[in-house]
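Asks: One rule links them: number in our numbering = place in the sequence shown (from 1) + 298.
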Amino acid sequence: MVLVLMSERELNRIEVLSRIADGSLSVAGAATLLALSPRQVHRLMRAFRQDGALSVRHKARDRRSNHRIRDGVRDYALALIREQYADFGPTLAAEMLGRHHGLGVSRETVRGWMTTAGLWLPRAERRRLHRPRLRREAVCELIQIDGSAHRWFEDRGPACTLLVFIDDATSALMQLRFVPAESTFAYFEALEHYLRAHGRPVAFYSDRHSVFRVAAEEARSGHGMTQFGRALNELNIEILCAASSQAKGRVERANRTLRDRLVKELRLAGVSDIASGNAFLPAFTERFNRQFATPRSGRTTCTGP
């Protein structure tokens, strides 16, 4: 005995067509029940009389989709991911497969493959602990700044710090710069590059690093401002210091993404020092913003330095 699987919809069609065959239902009545035109019902009825109930069964059942990716392509892609991109997320892995290996596979397909293979944990299984603060309305209204010390060049070069300037309204990277360490001089240099490229923002939002805030009560002079703070005051730019890392969540999340994505792109490009890294950053920033920045209206509060 051969078992034939049918859906509830197909079984309902068989019942209606059988009623037409025994004269208990008109074609017009069947068209209403099946939500089809009378012409479609006549076509179904001709096939039903010729081939019986099996004519109702969907012809594509048990057949591979014409759009199904061959198993060999999937196996090859997973082999490349395990060998070269084991610590990449699905989005970046899909980009690298397309850019370097000519495999035009969507990121969601790669996500499914990596999840099934145990190479990726779906976002739904991760806990979200903090609700993000609402974005500012205008570009350059608030620029979050932070320094991220990390082995950006892995074992190819010394550890250094990446200074990150990110727009609060769009999460666009406004300025990236590798420096030996977080210092007043490093921030002055990065500030100069930022102002030349984008003009003055309304305010910078930072942590409580000594570059931005005088911590010792007895050392406070000049209204408690640091050198960097006084320079911003002269430029009529406000400096705001966050009370916690969660308060400046956008730049913290950008740092996590950069430690993942930027480190791997630097590895693939063979970049191993600060000078080469800074030459690499403009093209990376453009690609990053094109893909990840949040679109906003054309309103901006940037002014000339």
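Ideal placement from N, C-alpha and C gives every residue a C-beta, glycine not left out.
(1) Looking at the structure shown, is M523 part of a helix, part of a strand, or coil, going by DSSP?
(2) Have a look at the DSSP bridge pairing and note the partners of Q348.
(3) Report back the beta-carbon spacing between L352 and L315 to the nearest angstrom; my notes put them in contact at under 8 angstroms.
(4) Can F483 and C458 be called in contact, C-beta distance under 9 angstroms?
(5) Between which residues of its own chain and R565 is the CB-CB distance below 7 angstroms, once the five residues before and five after are set aside?
(6) Closest to L556 by C-alpha separation, out of G416, L390, H496, P478, would be which residue?
(7) If contact is defined by three or more beta carbon pairs under 8 angstroms, each pair taking one atom from either stretch, is the region 497 to 506 in contact with the region 431 to 447?
(8) Would A495 and T592 be called neighbours here (beta carbons separated by less than 9 angstroms)?
(9) Starting from the N-terminal side, write out each stretch of the beta strand (DSSP E) that is 3 residues or longer and does not extend beyond the region 375 to 457.
(10) Buried or exposed for A358, please, with buried defined as at least 16 other CB atoms from any protein chain shown within 10 angstroms of its CB.
(11) Would the beta-carbon of R311 fall within 9 angstroms of that of L332?
(12) Taking Cβ positions, are L480 and L493 nearer each other than 9 angstroms?
(13) R518: buried (16+ other C-beta within 10 angstroms of its C-beta) or exposed?
(14) Following the continuous alpha helix (DSSP H) through L579, name the residue where it begins and the one where it ends.
(15) Is the region 397 to 417 in contact with the region 369 to 381, if contact means three or more CB pairs nearer than 8 angstroms?
(16) In the DSSP output, which residue or residues are listed as bridge partners for Q473?
(17) With DSSP collapsed to three states, give me the class of S640.
(18) Assuming R454 and S570 make a contact with CB atoms under 8 angstroms, what is their CB distance in whole Å?
(19) DSSP on I537, reduced to helix/strand/coil?
(20) Applying the criterion that 16 or more other CB atoms from any shown protein chain within 10 Å of the CB defines a buried residue, is G309 buried or exposed?
(21) For P420, count the other beta carbons within 10 Å of its own beta carbon; 16 or more makes it buried, fewer makes it exposed. Which is it?
(22) What does the alpha-carbon distance come out to for the pair Q473 and T413?
Replies: The answer reads as follows:
(1) The residue you call residue 523 lines up with position 225 of the sequence shown. Correct three-state label for M523: coil.
(2) The count along the sequence shown starts at 1 and reaches residue 348 at position 50. DSSP output for Q348 lists no bridge partner at all.
(3) The residue you call residue 352 lines up with position 54 of the sequence shown. The residue you call residue 315 lines up with position 17 of the sequence shown. Going by Cβ atoms, the distance from L352 to L315 rounds to 12 angstroms, so no, they are not a contact pair.
(4) By 1-based counting over the sequence shown, the position of residue 483 is 185. By 1-based counting over the sequence shown, the position of residue 458 is 160. No, Cβ-Cβ distance for F483 and C458 is not below 9 angstroms.
(5) As a first step, residue 565 is located in the sequence shown; it is residue number 267 there, counting from the start. Excluding residues within five positions, the ones whose Cβ falls inside 7 angstroms are E452.
(6) Along the sequence shown, one-based indexing puts residue 556 at 258. Of G416, L390, H496, P478, the residue nearest in Cα terms is L390.
(7) yes
(8) For this step, residue 495 is matched to residue 197 along the sequence shown. For this step, residue 592 is matched to residue 294 along the sequence shown. Not a contact, by the Cβ cut-off of 9 angstroms.
(9) 440 to 448
(10) Here the question's residue 358 lines up with position 60 in the sequence shown. Confidence is the limiting factor: at A358 the pLDDT is only 48, short of 50, which leaves the residue's position unreliable and the question unanswerable from this model.
(11) The count along the sequence shown starts at 1 and reaches residue 311 at position 13. The count along the sequence shown starts at 1 and reaches residue 332 at position 34. Yes.
(12) For this step, residue 480 is matched to residue 182 along the sequence shown. For this step, residue 493 is matched to residue 195 along the sequence shown. According to the sequence shown, residue 480 is Glu rather than Leu. For E480 and L493, no; Cβs fall outside 9 angstroms.
(13) The residue labelled residue 518 in the question sits at position 220 within the sequence shown. Low confidence applies to R518: its pLDDT is 45, below 50, so where it sits in the model is not reliable enough to give any reading.
(14) The residue you call residue 579 lines up with position 281 of the sequence shown. DSSP places L579 inside the alpha helix (DSSP H), whose first and last residues are 572 to 590.
(15) yes
(16) Translated into positions along the sequence shown, residue 473 becomes position 175. Paired residues: F463.
(17) Residue coverage of the chain in this structure runs from 299 to 603, which leaves residue 640 outside it and unanswerable.
(18) Walking along the sequence shown from the start, residue 454 turns up at place 156. Walking along the sequence shown from the start, residue 570 turns up at place 272. Yes, they are in contact, since the Cβ atoms of R454 and S570 sit about 4 angstroms apart, within 8 angstroms.
(19) As a first step, residue 537 must be located in the sequence shown, where it is residue number 239. Here I537 sits in strand by DSSP.
(20) Position 11 of the sequence shown, counting from 1, holds the residue named residue 309. In the sequence as presented, Gly is not what sits at residue 309; that position holds Leu. Exposed, because fewer than 16 other Cβ atoms sit within 10 Å of the Cβ of L309.
(21) As a position in the sequence shown, residue 420 is number 122, starting the count at 1. That one is exposed.
(22) For the purposes of this step, residue 473 is taken as residue 175 along the sequence shown, with counting starting at 1. For the purposes of this step, residue 413 is taken as residue 115 along the sequence shown, with counting starting at 1. Inter-residue distance for Q473 and T413 is about 34 angstroms (C-alpha atoms, whole angstroms).
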